[in-house]
Amino acid sequence: MAPSDIYDPNEVSPLAWRLLRVAAGYEQRTVEREIDDLMQAHISMLENGNRSLSQSRRQTLFDLYSAELTDEQIEAIVTHF
Numbered sequence: 014m015a016p017s018d019i020y021d022p023n024e025v026s027p028l029a030w031r032l033l034r035v036a037a038g039y040e041q042r043t044v045e046r047e048i049d050d051l052m053q054a055h056i057s058m059l060e061n062g063n064r065s066l067s068q069s070r071r072q073t074l075f076d077l078y079s080a081e082l083t084d085e086q087i088e089a090i091v092t093h094f
C-alpha cells in the first residue's frame with residue numbers, strides 16, 4: 014500500500030511538511046524545480062502554516078517526498094509531528 018493511501022496529505026501538519034522535505038533530501042528551491050508551477054514561496058507558506066496548497070499539489074508534493082523515504086520514516090513524521 015502506498016503512503017498516500019494510508020495518510021491524507023490534507024492532514025499533514027506544517028512542521029511535518031518541513032520534516033518530510035528535509036528527510037527526503039530536498040531544499041525548497043529543489044522542490045520548485047521538480048514540480049511545475051510550484052514556487053519556493055508556496056513551500057515556505059505551507060511549512061509555516063500560512064497557506065494551504067490545493068489538494069492536487071499537496072498530493073504531488075507528498076508523493077515526491079514519499080518516493081525518497083521509507084514507510085517507517087513517513088509514519089514517524091506524520092504521526093508524531
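Using the working numbering, you'd call the opening residue of the sequence shown number 14 and step up by one each time.
For each residue, glycine too, the CB sits at the ideal point set by N, CA and C.
Could you give the first and the last residue of the continuous alpha helix (DSSP H) run that contains Ser110?
Nothing about residue 110 can be read from this structure; the chain reaches only from 14 to 94.
Rounded separation between Ala37 and Val25 - CA only
Taking the sequence shown and counting its residues from 1, the one referred to as residue 37 is at position 24. Taking the sequence shown and counting its residues from 1, the one referred to as residue 25 is at position 12. Their Cα atoms are separated by approximately 15 Å.
For a quick check, are the C-beta atoms of Ile56 and Gln68 less than 7 Å apart?
Translated into positions along the sequence shown, residue 56 becomes position 43. Translated into positions along the sequence shown, residue 68 becomes position 55. It is not a contact, given that the beta carbons lie outside the stated cut-off.
In angstroms, rounded to a whole number, what distance separates the CA positions of Gly62 and Met52?
Along the sequence shown, read from residue 1 onward, the residue named residue 62 stands at position 49. Along the sequence shown, read from residue 1 onward, the residue named residue 52 stands at position 39. Computed Cα separation, rounded: 16 Å.
N-terminal and C-terminal residue of the alpha helix (DSSP H) that Asn23 is part of:
Here residue 23 is taken as the residue at index 10 of the sequence shown, counted from 1. Where Asn23 is concerned, there is no enclosing alpha helix (DSSP H), given that its DSSP letter is neither H nor E.
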